[in-house]
Amino acid sequence: MSLQVYSTLSRKKEPFHKRPGETVSMYVCGPTVYKPSHIGHMVGPVIFDTVKRYLQYIGYKVTWVVNITDVDDKLIVRAGELKTTVPELAAKMTDDYLDCLKKLNVTGIDQFPKATEHIGGMIAMIGRLVAKGIAYPADGDVYFDVSKDSDYGKLCGFDPEQLEGGARLEVSGKKRNPGDFALWKGAKPGEPKEVTWDSPWGPGRPGWHIECSVMSQKLLGDTLDIHGGGLDLRFPHHENELAQSESDTDKPFAKVWMHNGLLKLRSGKMAGSLGNVLNVADALTLVGGETLRFFILNTHYRSPIDLGDWEPTPGSIPSGLANAQKAFETFTRFGERYQRITGRSFFTSTKPDPRRTMSVDMGSYLMRFSEHMNDDFNTGGAVGVLFDLVTALNRTADFHRLESPGAQADRAMAEFEEGAVLLKELGQILGLFLQAPSQAKLAGGDQLAAGLMDLLIELRNNLRATAKGIADKADPTKKALFDQTDLIRQRLAALNVTLEDRPAGTTWRVG
RNA sequence: GGUCCCGUCGCCAAGUGGUAAGGCAACGGUUUGCAAAACCGUUAUUCCCCGGUUCGAAUCCGGGCGGGACCUCCA
613 MSLQVYSTLS
623 RKKEPFHKRP
633 GETVSMYVCG
643 PTVYKPSHIG
653 HMVGPVIFDT
663 VKRYLQYIGY
673 KVTWVVNITD
683 VDDKLIVRAG
693 ELKTTVPELA
703 AKMTDDYLDC
713 LKKLNVTGID
723 QFPKATEHIG
733 GMIAMIGRLV
743 AKGIAYPADG
753 DVYFDVSKDS
763 DYGKLCGFDP
773 EQLEGGARLE
783 VSGKKRNPGD
793 FALWKGAKPG
803 EPKEVTWDSP
813 WGPGRPGWHI
823 ECSVMSQKLL
833 GDTLDIHGGG
843 LDLRFPHHEN
853 ELAQSESDTD
863 KPFAKVWMHN
873 GLLKLRSGKM
883 AGSLGNVLNV
893 ADALTLVGGE
903 TLRFFILNTH
913 YRSPIDLGDW
923 EPTPGSIPSG
933 LANAQKAFET
943 FTRFGERYQR
953 ITGRSFFTST
963 KPDPRRTMSV
973 DMGSYLMRFS
983 EHMNDDFNTG
993 GAVGVLFDLV
1003 TALNRTADFH
1013 RLESPGAQAD
1023 RAMAEFEEGA
1033 VLLKELGQIL
1043 GLFLQAPSQA
1053 KLAGGDQLAA
1063 GLMDLLIELR
1073 NNLRATAKGI
1083 ADKADPTKKA
1093 LFDQTDLIRQ
1103 RLAALNVTLE
1113 DRPAGTTWRV
1123 G
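Residue numbers (the working numbering): 613 to 1123.
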């Protein structure tokens, strides 16, 4: 099956409209930078980063743009609370956002245009809409006239007439229709200078949606191949973007609209307005970026992602994340095992050759993986294939005792190596297995602790060797020695350190 | 009031017409001095309920019950 992508506009899966080798333009709505990012902000970036990785894997070139909205009511309010300026707050929160993306291996974004750097373009587009009679100035503001846009509401299936029934519609005397929305907001008394620009309609600042229309057009052209964002942005943000852009260009704004599901708690919605959000920074200290990414990709992107039970208190890990962490250890452990067997790092090993020949067995894993990804980027199904593959590899390693010193099993070793290369390749498409878990984390970041552990393990292994050397199973000395080795292991376990005795030696890890 | 989504093992979750992936948890077993890790096996004759269409339904249709999102702050 070739690639199928679900589009919100048509409400069905469509064959992807581009041919491999062509460049795909992708625009995803980014954050309003007024608060530190919470984990919900990472869902879209992780998903679309994976979309890009997969598109590249099957032969496309991809240009991906994510906007930074650095002027907005929320920024003005927040800057006031913090006694800082809007640009300073925006710069700080933008850094936070970019740092979060990096920790989650979101590396595919080509450009991050900022709204404040495109004010001129916005004024120009608003001017064109006014000239066309689709927008109208009103007392310092400029509004988009939804009654002039014959297909307004097509993205969400809303009838503009019905919008009048909405309970939360702002009643403004300046608007011609209740559904009209602001393209330009006239400056209000007392608003800081940094958020005020001159325009043909007087000083003010842009409305919420116009920056995406202007920046996507400038950087990616009139028609986007993929427009993405969170489901909550579908209305009004995307509906309005679409209306503005198509009214401006008379061309389709986006070929495919992709909307990702939102993060939720078992108890319901997670939202800044409810005060039950988990910041990315906190989540990173609890479980790490790779686990977070793995967790997000475990569910199909259009479904809501359930964090499970969680109390918004320090140190509390949502049950869904704890589960993901446990599950992901399977791969981490495999990486360690790969290193013990081959002497090379699983995580930094060389890039696989895509043209290599593959055994029938391995080819079937690749095929299953591809079929899931071709089916509207079904990462949840694809992750299942990764588990099957790692199980097969562990089975090979067990059966042929690849970890035992002097294992003579060239064919088995080749089979193991081939599978490991494939596992790594498939993992990378999902943005996983890109770097080794840091040594600092394993040793608790402490050189002294690492050295003491080595000493303790050596002493314990001396005791074990002595005990094993006593042939008489009933010998009280043998038992006494083993009691001591077990005591060491138990006391370390109480400190959250696990010892593992293996044929080639003893290893330890935190957790 | 309008628009839309969902209900699959104790929990998470893939599967949208061809006879129920995967993970976590649990319980047996192999391995181990004992563990840990890994591996093998067991755990949903059944997919919220009731009808219907079909040779065949978790998947399609109708009705019910339950949960959720959006309707100008939200990723």
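Yeah, the Cβ is synthetic: ideal placement off N, Cα and C, and Gly gets one too.
Kindly indicate which residue of the options has the alpha-carbon position closest to the one of residue i.
{"i": "glycine 752", "options": "Arg817, Thr835, Leu1046 and Met613", "result": "Arg817"}
{"i": "lysine 664", "options": "Thr635, Arg690, Lys786 and Asn679", "result": "Thr635"}
{"i": "lysine 715", "options": "Ala794, Lys881 and Thr903", "result": "Thr903"}
{"i": "arginine 1076", "options": "Lys673, Glu823 and Arg1114", "result": "Arg1114"}
{"i": "glycine 1018", "options": "Ser811, Gly996, Lys938 and Thr954", "result": "Thr954"}
{"i": "aspartate 771", "options": "Pro790, Val698 and Ile1041", "result": "Pro790"}
{"i": "aspartate 810", "options": "Thr835, Ile731 and Glu1030", "result": "Ile731"}
{"i": "isoleucine 651", "options": "Ser961, Gly932, Lys797 and Phe940", "result": "Gly932"}
{"i": "proline 812", "options": "Ala866, Arg690 and Ala736", "result": "Ala736"}
{"i": "alanine 866", "options": "Thr991, Val754, Ala1024 and Gly833", "result": "Gly833"}
{"i": "valine 674", "options": "Thr620, Ala893, Ala1061 and Asp837", "result": "Asp837"}
{"i": "proline 657", "options": "Cys641, Gly671 and Tyr672", "result": "Cys641"}
{"i": "arginine 1140", "options": "His629, Arg1072, Phe628 and Val807", "result": "This structure cannot settle anything about residue 1140, because the visible part of the chain is limited to 613 through 1123."}
{"i": "glycine 901", "options": "Cys712, Gln616 and His629", "result": "Cys712"}
{"i": "alanine 934", "options": "Arg952, Tyr950, Gln951 and Phe906", "result": "Phe906"}
{"i": "alanine 1130", "options": "Gln951, Arg952, Ile917 and Tyr639", "result": "There is no way to answer for residue 1130, as the model of the chain reaches only from 613 to 1123."}
{"i": "serine 1016", "options": "Tyr950, Leu1067 and Asn1074", "result": "Tyr950"}
{"i": "aspartate 965", "options": "Lys938, Glu1030, Gly692 and Ala939", "result": "Glu1030"}
{"i": "phenylalanine 628", "options": "Val972, Asp1098, Phe989 and Tyr748", "result": "Phe989"}
{"i": "threonine 1118", "options": "Val889, Asp973, Met1025 and Glu948", "result": "Glu948"}
Would the beta-carbon of residue i fall within 8 Å of that of residue j?
{"i": "tyrosine 666", "j": "methionine 985", "result": "yes"}
{"i": "threonine 644", "j": "lysine 695", "result": "no"}
{"i": "isoleucine 746", "j": "aspartate 763", "result": "no"}
{"i": "arginine 846", "j": "leucine 909", "result": "no"}
{"i": "methionine 734", "j": "glutamate 823", "result": "yes"}
{"i": "phenylalanine 946", "j": "leucine 874", "result": "no"}
{"i": "leucine 1038", "j": "phenylalanine 981", "result": "yes"}
{"i": "serine 649", "j": "aspartate 722", "result": "no"}
{"i": "phenylalanine 1028", "j": "phenylalanine 959", "result": "no"}
{"i": "threonine 728", "j": "valine 683", "result": "yes"}
{"i": "threonine 911", "j": "proline 864", "result": "no"}
{"i": "leucine 621", "j": "proline 725", "result": "no"}
{"i": "glycine 819", "j": "glycine 798", "result": "no"}
{"i": "lysine 1090", "j": "isoleucine 1100", "result": "no"}
Contact check, residue i vs residue j under 8 Å by CB: the rounded distance?
{"i": "glycine 842", "j": "histidine 871", "result": "7 Å"}
{"i": "valine 995", "j": "threonine 942", "result": "Wrong, their Cβ atoms sit about 11 Å apart, outside the cutoff."}
{"i": "glycine 884", "j": "lysine 647", "result": "7 Å"}
{"i": "alanine 750", "j": "lysine 786", "result": "4 Å"}
{"i": "threonine 662", "j": "isoleucine 680", "result": "Not confirmed; about 21 Å, so no contact."}
{"i": "leucine 919", "j": "leucine 978", "result": "Their Cβ separation, rounded to whole angstroms, is 32 Å, which puts leucine 919 and leucine 978 out of contact at 8 Å."}
{"i": "tyrosine 639", "j": "serine 828", "result": "4 Å"}
If you draw a straight line from the alpha carbon of residue i to that of residue j, how long is it in whole angstroms?
{"i": "glycine 1123", "j": "leucine 1111", "result": "10 Å"}
{"i": "lysine 704", "j": "lysine 805", "result": "19 Å"}
{"i": "proline 632", "j": "tyrosine 669", "result": "10 Å"}
{"i": "methionine 1065", "j": "aspartate 1095", "result": "19 Å"}
{"i": "arginine 956", "j": "leucine 701", "result": "45 Å"}
{"i": "glycine 927", "j": "leucine 898", "result": "7 Å"}
{"i": "glycine 778", "j": "phenylalanine 756", "result": "Model confidence at glycine 778 stands at a pLDDT of 44, short of 50, so the residue's coordinates are unreliable; what they give is reported in the following sentence. Each residue's Cα considered, the two are about 18 Å apart."}
{"i": "alanine 1052", "j": "leucine 795", "result": "With a pLDDT of 45 at alanine 1052, under the threshold of 50, the modelled position of this residue cannot be trusted; read the value that follows with caution. Computed Cα separation, rounded: 50 Å."}
{"i": "valine 718", "j": "aspartate 1084", "result": "59 Å"}
{"i": "glycine 720", "j": "glycine 1043", "result": "10 Å"}
{"i": "arginine 780", "j": "phenylalanine 793", "result": "Confidence at arginine 780 is low in this model, with a pLDDT of 45, below 50, so its placement is unreliable and no value can be given for it."}
{"i": "glycine 887", "j": "methionine 654", "result": "18 Å"}
{"i": "histidine 839", "j": "methionine 970", "result": "36 Å"}
{"i": "alanine 1116", "j": "arginine 1013", "result": "12 Å"}
{"i": "leucine 1107", "j": "arginine 690", "result": "42 Å"}
{"i": "alanine 1079", "j": "isoleucine 659", "result": "54 Å"}
{"i": "serine 961", "j": "arginine 967", "result": "17 Å"}
{"i": "glycine 975", "j": "aspartate 921", "result": "39 Å"}
Which residues share a DSSP beta bridge with residue i?
{"i": "alanine 750", "result": "Asp753"}
{"i": "glutamine 723", "result": "Val677"}
{"i": "tryptophan 820", "result": "In the DSSP output, where bridge partners are listed per residue, tryptophan 820 has none listed."}
{"i": "leucine 594", "result": "One cannot answer for residue 594 here, as it falls past the ends of the chain, which runs 613 to 1123."}
{"i": "lysine 797", "result": "Arg817"}
{"i": "histidine 839", "result": "Tyr639 and Trp869"}
{"i": "tyrosine 977", "result": "None; tyrosine 977 has no bridge partner."}
{"i": "lysine 876", "result": "Lys881 and Asp918"}
{"i": "histidine 650", "result": "Asn891"}
{"i": "proline 627", "result": "Gln616"}
{"i": "glutamate 1112", "result": "Thr1119"}
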